[in-house]
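Student:
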Amino acid sequence: MTDFKDRERGEEAKFAFDEENAFKIAARRNRLVGEWAASLMGLTEEETDAYKKAVVQADFEEAGDEDVIRKLLGDLTAADCDVSEEDIRSKLEECAVEARRQFMTDQR
1 MTDFKDRERG EEAKFAFDEE NAFKIAARRN RLVGEWAASL MGLTEEETDA YKKAVVQADF
61 EEAGDEDVIR KLLGDLTAAD CDVSEEDIRS KLEECAVEAR RQFMTDQR
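In UniProt numbering, the protein residues as written are 1 to 108.
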């Protein structure tokens, strides 16, 4: 019985570890895509830092990426940037790959 409990605790710890890493990678991805959007909008360095944080915060509104996409699309449209929803989705995927790469590099 104790082997089963040990295995169960190990699986729970691994799940928690994986979830924490997924959260960190998503936050990094959101910062990267926020930086991209800020550059399109011509924001200053200080505004860019604040905007990246706002994009990360937007991800807490609902599960999935729709809240982030909605924020980016709304902000970029308001700034008269010619960017489609598909462009944003593509950039999110690109930034997800880069965020994972950076995260894995940082873990070494």
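Quick reminder that beta carbons are idealized off the backbone N, C-alpha and C, glycines included.
Because the structure is a prediction, the values reported are computed rather than measured.
(1) Buried or exposed for valine 97, please, with buried defined as at least 16 other CB atoms from any protein chain shown within 10 angstroms of its CB.
(2) State the Cα-Cα distance for the pair glycine 10 and alanine 16, rounded to the nearest angstrom.
(3) Compare the C-alpha of leucine 72 against each of Leu32, Thr44, Asp106 and name the closest.
(4) In the DSSP assignment, find the unbroken alpha helix (DSSP H) run with alanine 22 in it and report its ends.
(5) Measuring alpha carbon to alpha carbon, tell me which of Arg7, Ala37, Thr2 ends up nearest valine 83.
Tutor: Taking the geometry as given:
(1) The residue given as residue 97 occupies position 97 in the sequence shown. Taking all protein chains shown into account, valine 97 has fewer than 16 neighbouring C-beta atoms within 10 Å of its C-beta and is therefore exposed.
(2) Residue 10 sits at position 10 when you count from the first residue of the sequence shown. Residue 16 sits at position 16 when you count from the first residue of the sequence shown. Linking glycine 10 to alanine 16 through their CA atoms gives a straight-line distance of about 10 Å.
(3) Mapped onto the sequence shown, residue 72 falls at position 72. Relative to leucine 72, the option among Leu32, Thr44, Asp106 whose CA is nearest is Leu32.
(4) Locating residue 22 in the sequence shown gives position 22, counting from the first residue. Note, alanine 22: alpha helix (DSSP H), 2-41.
(5) For this step, residue 83 is matched to residue 83 along the sequence shown. Distance from the Cα of valine 83 is smallest, within the candidate group Arg7, Ala37, Thr2, for Ala37.
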